[in-house]
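Here the structure comes first, spelled out in structure tokens, and everything after it is commentary.
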Amino acid sequence: MKNQAQAVSAILMNRFSRVFLPFAAGYFLSYLFRNINAVVASELESDVGLSADKLGLLTGFYFLAFASFQLPLGVLLDRFGPRRVESFLLLIAGVGALVFAVGEELVTLTVGRALIGLGVSACLMAGFKAFAQWFEPQRLPLVNGYMLACGGLGAMGATAPVEAILGVTTWRVLFAMLAVACVVVAAVLWRVVPEKASEARAGPLNQQIVALSCLLRSAVFWRFAPAALVFPAAPMAVQGLWAGPWLRDVAGLDRNAVAQHLLLLAFATTIGFIAWGALAERLGRLGIRSMTVAGIGLALFVLSVMVLTWQPVGSVLPAWLMFGLCGSAGSLLYVVITPRFEADLMGRVITALNLMVFLGAFLLQWSIGIVIEFWGEGPGQGYSPMGYRLCFGLVALLQVLALMWLLWPRANEERSRGSVSTPSRDDRSGNRDPLEKP
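Counting from 156, one number per residue, gives the positions in the sequence shown under the numbering used here.
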């Protein structure tokens, strides 16, 4: 019995080192790239002369490229496997980091940022697929939670550590170093991660297109899509760029204080990922639905955005910690939506929802820059608190509307039935979407 337990432990450690750690390293880089512009924003404003709207557009292209690749990504992961796909894409991210490092104008920087977004677009989904192949189902919630926590560590790495590096070198050298890191992680993935011999291959392309079309017409999918656009997308847009300028312009903090606040914000987000998942799992054993937990978490996140809209005086750290803890509740949308569809659609369901998330992050990040630019004093000179107040207030309003749409599913699906050829599920009549799991 003891020998059997030791054998199981050895297998788990082998899979942890050869499967989990390489994919976790890729996701760490993905999150670091996502949030790094919040710290280097001042350098981009002063060195390149970017205004707020251009800075928002530049940074948001990460999300646009990321979102644009989500639907074909699901097909590639099924056909070629997570090891091959992520290894190749991380090389693209490395090229993008080099292009960004040498960029002297908006166009070159935007191309580099878009290549980075494309290159890291598989880091989370590829990891989830690999974990499902190599770990037992009962271990997946914990393994996936650790994976999300590694992303939070990447967000933390994009704060005070990046600020410390900028104290001894330039942002261009930093991005060149990140390019090397992408190549190293890609090589580790290619050489270390084992190949799953029994990996299922994708079906004919026309069948995948038909299934994807039905999914995108599903009333249930569009019940969740607006929430994805404004809940998990909002922390990406704000924490990835505008939290830093907000702390500078509204709270009046210096660079070191801004970096420390962003570090604590990333730490709160990391804790939130684990805490909301654990809470949903524990309450699920007591008969409380994950949708209920998600609704509470999203409502608390709306409240945190309203607090930041109010712009409290004095210490703003508690407000931002609440933003990080509650903002991570948006990850529960993936948990809630996937059981509503058949198992063979899981990859496409997750990547389709990811498309909404990153499209929303791009639109929010760019739009915030456009709005606050009206109250700007010029590149590198900061922006008026009034612009931030208006942006955060609009985000809170959109979140309230999306939450109302999410929490009244029957009325939503009845209204959408006339515009969708695939019938939606109606608990009272017994009709359901054919894509949904019975």
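All C-beta atoms in this analysis are idealised placements derived from N, C-alpha and C, irrespective of residue type, glycine included.
query: Inter-stretch contact (C-beta, 8 Å, three-pair minimum) for the segment 400–412 and the segment 271–289; result: no
query: Length of the line joining the Cα atoms of serine 201 and glutamate 259; result: 12 Å
query: Cβ separation of serine 445 and leucine 384, assumed to be a contact under 8 Å, to the nearest whole Å; result: Actually they do not touch by this definition, with Cβ atoms about 20 Å apart.
query: Glycine 442 burial status per 10 Å Cβ neighbour count (16 or more: buried); result: exposed
query: Buried/exposed call for serine 242, threshold 16 Cβ in 10 Å; result: buried
query: For proline 227, the nearest candidate out of Ser368, Gly204, Leu187, Ala252 (CA to CA); result: Ser368
query: Pair within 8 Å by beta-carbon distance, glycine 272 and phenylalanine 216; result: yes
query: Same chain, Cβ closer than 8 Å to valine 298, neighbours up to 5 away in sequence not counted; result: Phe175, Phe286, Phe290
query: From Lys284, Phe456, Val462, Ser539, residue whose alpha carbon lies closest to that of lysine 351; result: Lys284
query: Residue interval of the alpha helix (DSSP H) (run including glycine 395); result: Taken as a continuous stretch (DSSP letters only), glycine 395 belongs to no alpha helix (DSSP H), as it is neither H nor E.
query: Per DSSP, the bridge partner or partners of phenylalanine 456; result: None, per the DSSP bridge assignment.
query: Nonlocal neighbours in the same chain, by C-beta distance under 7 Å from glycine 515, ignoring five residues either side; result: Ala383, Leu384, Val385, Ala388
query: Residue from Asn192, Ser223, Ile492, Ala248 with nearest C-alpha to leucine 396; result: Asn192
query: DSSP state of phenylalanine 496 mapped onto helix, strand, coil; result: strand
query: Runs of alpha helix (DSSP H) wholly within the segment 229–277 (minimum 4 residues, chain order); result: 237–257, 261–274
query: Bounding residues of the alpha helix (DSSP H) (the contiguous stretch that carries alanine 435); result: 410–440
query: Rounded straight-line distance, which links the Cα of proline 473 to that of valine 195; result: 24 Å
query: Cβ neighbour criterion (16 or more within 10 Å) applied to glycine 274; result: buried
query: Cβ distance (whole Å) where valine 457 is taken to contact glutamine 554 below 8 Å; result: 5 Å
query: Valine 262 versus phenylalanine 330: straight-line alpha-carbon distance, rounded; result: 17 Å
query: Glutamate 497 burial status per 10 Å Cβ neighbour count (16 or more: buried); result: exposed
query: Other residues of its chain near leucine 231: CB distance less than 7 Å, five sequence neighbours each side excluded; result: Val240
query: Host alpha helix (DSSP H) of leucine 205 (start-end); result: Premise fails: leucine 205 is in no alpha helix (DSSP H) and is neither H nor E.
query: Terminal residues of the alpha helix (DSSP H) in which alanine 342 lies; result: 326–347
query: Nearest-angstrom Cβ-Cβ length linking glycine 604 and glycine 479, presumed shorter than 8 Å; result: Coverage of the chain is limited to positions 156 through 593, which leaves residue 604 absent and any answer about it impossible.
query: Separation of leucine 370 from glycine 134, as counted between CA atoms; result: Residue 134 is absent from the model: the chain starts at 156 and stops at 593.
query: Supposed close pair proline 177, leucine 344 - CB separation, criterion 8 Å; result: 5 Å
query: Under 8 Å between C-beta atoms of alanine 256 and arginine 189; result: no
query: Assigned secondary structure, alanine 304 (DSSP; H/G/I helix, E/B strand, else coil); result: helix
query: CB of leucine 421 within 8 Å of CB of threonine 314, strictly; result: At residue 421 the sequence reads alanine, which differs from the leucine that was named. Against a cut-off of 8 Å, the Cβ pair of threonine 314 and alanine 421 comes out as a contact.
query: Any 3 or more C-beta pairs closer than 8 Å across the segment 302–309 and the segment 423–430; result: yes
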